[in-house]
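Participant: Sharing a structure below in structure tokens format, with a few things to ask.
Numbering (the numbering used here), first residue to last: 131 to 524.
In structure tokens, the structure reads:
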């Protein structure tokens with residue numbers, strides 16, 4: 131009998147359905163101020179956005195449980211909902227065990243979706259770690275953010291345990307996804323599309339001490355100046371954990387342990403920039419027709435506590451560019467340890483009569499530089515000897 135009661139839906143008041151003694155569906159009509167639900171929400175509850183255009187929302191300390199997450203979703207996937215943003219569409223401060231599904235955020239002048247730890251004082255909390263969020267965004271679209279300046283599609287600061295699955299970001303000012311001081315983040319099967327008249331500095335950026343970031347099976351189309359900015363330049367107060375005044379020389383990095391795998395990059399100025407980062411791996415990716423470079427190795431801080439950009443690894447990638455517009459696919463700036471990079475089993479093609487390549491680091495004997503991969507309309511190599519390189523075909 132109890133199991134039947136737990137599954138029953140009973141109207142208990144305007145806009146509210148009880149799922150059980152422990153969980154409630156809160157139905158939100160277009161135009162409702164759904165931020166006001168905050169004090170009523172408990173683990174297992176669902177915020178159900180009814181079809182139509184909704185206003186922005188702000189929540190602090192929205193806490194579900196590992197087995198009872200709080201879910202924000204539309205009535206069904208067949209009834210899409212739109213959040214018409216002004217400055218921000220959705221802002222979560224110190225969230226925990228939250229799932230957001232199947233919504234669109236459109237037209238934010240600030241950030242489309244913002245999730246953060248509420249900020250810390252590094253002098254008072256010198257050992258502060260990223261907030262254990264365990265937040266998932268599934269099939270979320272963030273469109274036309276900015277359009278110019280440091281205005282991100284999805285901005286995540288000081289959180290750990292974040293998953294972006296099958297999301298779309300189209301048109302933004304700063305970064306499509308900006309990770310600052312984050313840990314254990316997975317971005318999987320997402321698509322990032324640049325638009326005209328949007329400044330689009332980066333597609334995905336991970337900096338401020340971000341670690342253990344996985345970018346898997348994503349598509350970047352004209353995704354700005356740096357489709358992936360692995361590292362960067364961050365104000366010290368935004369690092370998680372904070373950077374001690376007495377940190378050993380060369381012991382800190384803007385980002386560490388980033389894996390970029392089975393991704394497609396089409397157009398844009400540069401596919402991947404390694405910037406003050408250590409241990410970034412690019413594996414089985416396809417890069418097609420970047421406008422300026424395929425890859426960059428840079429250092430944007432001269433603080434002695436930070437080590438030079440180092441230990442990047444590139445394996446099984448396919449890189450195609452037009453040598454009439456790009457002389458070399460690599461750009462290497464000063465103050466980096468390019469010699470520590472490792473390149474193995476990559477295919478490089480700039481066209482017939484290709485110039486001698488200048489590749490950084492320890493280059494394996496199996497680099498291929500004389501084979502036209504014969505890409506099809508989906509950028510899959512058709513040449514028999516090229517089919518083991520780049521993003522696996524569908």
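The beta-carbon is built from N, C-alpha and C at its ideal position, and this holds for glycine as well.
Take residue 198 and list the residues in its own chain whose beta-carbon comes closer than 8 Å to its own, dropping the five residues that flank it on each side.
Facilitator: For residue 198, the CB contacts under 8 Å within the same chain, skipping 5 residues up- and downstream, are 152, 153, 173, 174, 227 in chain order.
Participant: Between which two residues does the beta strand (DSSP E) carrying residue 510 extend?
Facilitator: Counting along the chain, residue 510 falls outside any beta strand (DSSP E), and DSSP gives it neither H nor E.
Participant: So is residue 533 buried or exposed if we call it buried at 16+ other beta carbons inside 10 Å?
Facilitator: This structure gives no information on residue 533, because the portion of the chain shown stretches from 131 to 524.
Participant: Could you spell out where the beta strand (DSSP E) holding residue 365 opens and where it closes?
Facilitator: Premise fails: residue 365 is in no beta strand (DSSP E) and is neither H nor E.
Participant: I need the boundaries of the beta strand (DSSP E) containing residue 404, first residue and last residue.
Facilitator: 400-405
Participant: Rounded to whole angstroms, what's the CA-CA distance from residue 249 to residue 255? Just pull it up for me.
Facilitator: 11 Å
Participant: Please state if the CB of residue 499 and the CB of residue 474 are separated by a distance shorter than 7 Å.
Facilitator: no
Participant: Are the region 286-294 and the region 264-274 touching by the rule of at least three beta carbon pairs closer than 8 Å?
Facilitator: Put simply, the region 286-294 touches the region 264-274. At least three CB pairs are less than 8 Å apart.
Participant: For residue 283, which residues in the same chain have their Cβ closer than 6 Å to its Cβ, ignoring the five residues on either side in sequence?
Facilitator: Excluding sequence neighbours, residue 283 sits near 242, 272, 275, 299, 302, 306.
Participant: What residue from 207, 182, 225 has the CA that sits closest to residue 214's CA?
Facilitator: 182
Participant: Across the region 483-498 and the region 384-399, are there enough close Cβ pairs to call them in contact, namely three or more that are closer than 8 Å?
Facilitator: no
Participant: With a Cβ-Cβ cutoff of 7 Å, do residue 80 and residue 382 count as a contact?
Facilitator: This structure gives no information on residue 80, because the portion of the chain shown stretches from 131 to 524.
Participant: Let me check one thing: in DSSP terms, what residues is residue 386 bridge-paired to?
Facilitator: 341, 408
Participant: Would a C-beta distance cut-off of 7 Å place residue 368 and residue 311 closer than the cut-off?
Facilitator: Yes, the pair counts as a contact, with Cβ atoms nearer than the cut-off.
Participant: In terms of residues, what are the limits of the beta strand (DSSP E) holding residue 539?
Facilitator: This structure cannot speak to residue 539, because the chain is shown only from 131 to 524.
Participant: Shortest alpha-carbon distance to residue 459 belongs to which of 468, 449, 465, 507?
Facilitator: Taking only the C-alpha atoms, the option nearest residue 459 is 449.
Participant: Using only alpha-carbon positions, find the residue among 358, 366, 201 that is nearest to residue 258.
Facilitator: 366
Participant: Whose CA, out of 359, 406, 454, lies closest to the CA of residue 336?
Facilitator: That would be 359, whose Cα lies nearest to the Cα of residue 336.
Participant: In the DSSP assignment, find the beta strand (DSSP E) that holds residue 270 and state where it starts and stops.
Facilitator: No beta strand (DSSP E) holds residue 270; DSSP gives it neither H nor E.
Participant: With a CB to CB cut of under 7 Å and the five nearest residues on each side skipped, what residues in its chain are close to residue 377?
Facilitator: 435
Participant: Looking at residue 340: is its Cβ nearer than 7 Å to the Cβ of residue 431?
Facilitator: no
Participant: Can you tell me which of 427, 165, 389, 447 puts its alpha carbon nearest to the alpha carbon of residue 404?
Facilitator: 427
Participant: Would you call residue 131 buried or exposed, if buried means 16 or more other Cβ atoms sit within 10 Å of its Cβ?
Facilitator: Note that residue 131 scores a pLDDT of 25, beneath 50, so its modelled location is shaky; the value from the coordinates is reported in the next line. Residue 131 should be labelled exposed.
Participant: Beta strand (DSSP E) containing residue 423: first to last residue?
Facilitator: 423-428 is the extent of the beta strand (DSSP E) around residue 423.
Participant: Would you check if the distance between the CB atom of residue 402 and the CB atom of residue 425 is smaller than 7 Å?
Facilitator: yes
Participant: Going by the beta-carbon positions, is the gap between residue 532 and residue 287 smaller than 7 Å?
Facilitator: Within the shown structure, residues of the chain are numbered from 131 to 524, placing residue 532 beyond reach of any answer.
Participant: Would you grab the beta carbon distance between residue 521 and residue 415 for me? Rounded to a whole angstrom, and I think it's under 8 Å.
Facilitator: Going by Cβ atoms, the distance from residue 521 to residue 415 rounds to 6 Å, so yes, they are a contact pair.
Participant: Roughly how many angstroms separate the alpha carbons of residue 325 and residue 468, rounded to a whole number?
Facilitator: 33 Å
Participant: Just verifying my parser: in three-state terms, what is the DSSP assignment at residue 319?
Facilitator: Residue 319: coil per DSSP, three-state reduction.
Participant: Give me the residue from 386, 438, 194, 164 with the minimum Cα distance to residue 379.
Facilitator: 438
Participant: Helix, strand or coil: how does DSSP classify residue 448 here?
Facilitator: In this structure, residue 448 counts as strand in the three-state DSSP scheme.
Participant: Indicate the three-state DSSP secondary structure (helix, strand or coil) for residue 306 in the structure shown.
Facilitator: strand
Participant: In the DSSP assignment, what residue or residues form a beta bridge with residue 157?
Facilitator: DSSP lists 178 as the bridge partner or partners of residue 157.
Participant: The beta strand (DSSP E) with residue 234 in it runs from where to where?
Facilitator: 233-236
Participant: CB-CB under 8 Å to residue 476, same chain, minus the five flanking residues each way: which ones, in chain order?
Facilitator: 444, 445, 446, 447, 448, 449, 497, 498, 519
Participant: Bridge partners for residue 478 per DSSP, in chain order?
Facilitator: 449
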